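*Asks:*
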Ligand code: PEP
Ligand code: MN
């Protein structure tokens, strides 16, 4: 249930709404806007509670039931776009933020070369996996803590915030002590224990779409992060499983406008895991920017042929530089910058 308070409603009026909800054993989240406060009433039994209980309270303008399963991620709760602030880099604003770097951190040399090149080409955030969620237990699982240390070194050297994946709830505090942004991967989108821990960390989180999940399931998963009071959530479309096998996953381009309509959260696109093929990455990245993405997550490797993970979908540093120049033109055409 969403309760919109009147413009200029007194704090006492908001407090009375909160108290009423608590007396009914319901959860509450507040969105205190500059002119209006919106109160989300949460709980499995809100369906049994008459809206009038709240509608009659002083200062309440409007009470609506949210019929969708996601609440806090919905535009009904927050009309204005959320802008995630990562050390001054704003994700969800006018500038399209590019996060780029290798799939996995492999060595100091590889990471530093990648970082230097992506920064020079205009990326704002360095990506690199230290904990890799591999389909096979026999594949390279990442350098783990050593990888995090190398990422921290690259951040210091190049002045770029870092985004890196966390794959299990016990590692959230370790990864948070190094990362500026936590990434929750496609395979973990519905790992609710992990979502709750990442929510508690209060770190910005990139939440990738589960490749077999609907947009509704994805936004409902985002609610797990938001329910912990962590509003720094960035969604990332990375392709879904369809019958089409000419690409690794089918990028759901329509997810971008659908999310923009139904949610206030910023939307990133990862063309690399969707394409699975470096030759297709530029076209998909450009399409994403044209369709309104707020950011991109792109795999770049100084020597893709030697990459331990996802080499075939990784751009070389020169291909990435060329793509960034092309993206600037597209961004300008849709009223953004990059
Ligand atoms: C990744 O970004 O390297 C990754 C594993 O992505 P996804 O979770 O989308 O497969
Ligand atoms: Mn990868």
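Numbering (this note's numbering), first residue to last: 1046 to 1383. Ideal placement from N, C-alpha and C gives every residue a C-beta, glycine not left out. This structure is a prediction, so every number in the text was calculated from the model and none was measured.
Just checking residue 1344 against the ligand MN - is the residue's beta carbon closer than 7 Å to any of the ligand's heavy atoms?
*Replies:* Yes; taking the cut-off as 7 Å, the Cβ of residue 1344 has a heavy atom of the ligand MN nearer than that.
*Asks:* Extract the residue ranges of the alpha helix (DSSP H) inside the segment 1272-1334, only unbroken runs of 4 or more that lie entirely within it.
*Replies:* The segment 1272-1334 contains these whole alpha helix (DSSP H) runs: 1300-1307 and 1316-1320.
*Asks:* Restricting to runs no shorter than 3 residues, where is the beta strand (DSSP E) found entirely within the segment 1112-1163?
*Replies:* Runs of the beta strand (DSSP E) inside the segment 1112-1163: 1129-1131, 1134-1136 and 1142-1146.
*Asks:* Write down every uninterrupted run of the alpha helix (DSSP H) in the segment 1215-1246 whose length is 4 residues or greater and which is fully enclosed by it, in chain order.
*Replies:* Entirely contained in the segment 1215-1246, the alpha helix (DSSP H) runs reaching 4 residues are, in chain order, 1217-1221 and 1237-1246.
*Asks:* Confirm the yes/no value for this check: CB of residue 1281, any heavy atom of the ligand MN, distance under 7 Å.
*Replies:* Checking the Cβ of residue 1281 against the ligand MN gives no.
*Asks:* With a threshold of 7 Å, establish whether the CB of residue 1354 neighbours any heavy atom of the ligand MN.
*Replies:* Checking the Cβ of residue 1354 against the ligand MN gives yes.
*Asks:* Do residue 1318 and the ligand MN come close, with the Cβ less than 7 Å from some heavy atom?
*Replies:* Yes, the ligand MN has a heavy atom inside 7 Å of this Cβ.
*Asks:* Taking the beta carbon of residue 1362 as the centre, do at least 16 other beta carbons fall within 10 Å, making it buried, or is it exposed?
*Replies:* Answer is buried; the Cβ neighbour count reaches 16.
*Asks:* Could you tell me if residue 1064 is buried or exposed, where buried requires 16 or more neighbouring beta carbons within 10 angstroms of its beta carbon?
*Replies:* Its Cβ having fewer than 16 others within 10 Å, residue 1064 is exposed.
*Asks:* Please go through the same chain and pick out, in chain order, the residues whose beta-carbon is closer than 7 Å to the beta-carbon of residue 1001, but skip the five residues on each side of it.
*Replies:* One cannot answer for residue 1001 here, as it falls past the ends of the chain, which runs 1046 to 1383.
*Asks:* Using the C-alpha atoms, what's the distance from residue 1108 back to residue 1094?
*Replies:* C-alpha separation (whole angstroms): 12 Å.
*Asks:* Just curious, the beta strand (DSSP E) that residue 1082 is in, first and last residue?
*Replies:* Segment 1082-1087, the beta strand (DSSP E) holding residue 1082.
*Asks:* Should residue 1233 and residue 1178 be called a contact, given that it needs their Cβ atoms to be closer than 8 Å?
*Replies:* Yes, Cβ-Cβ distance for residue 1233 and residue 1178 is below 8 Å.
*Asks:* Per the DSSP calculation, residue 1184 is bridged to which residue(s)?
*Replies:* Paired residue(s): none; residue 1184 is not in a bridge.
*Asks:* The ligand PEP heavy atoms versus the CB of residue 1230: any closer than 7 Å?
*Replies:* Yes, since a heavy atom of the ligand PEP falls inside the 7 Å radius drawn around the Cβ of residue 1230.
*Asks:* Considering only heavy atoms of the ligand PEP, does any lie closer than 7 Å to the CB of residue 1210?
*Replies:* Yes - the ligand PEP has a heavy atom lying nearer than 7 Å to the Cβ of residue 1210.
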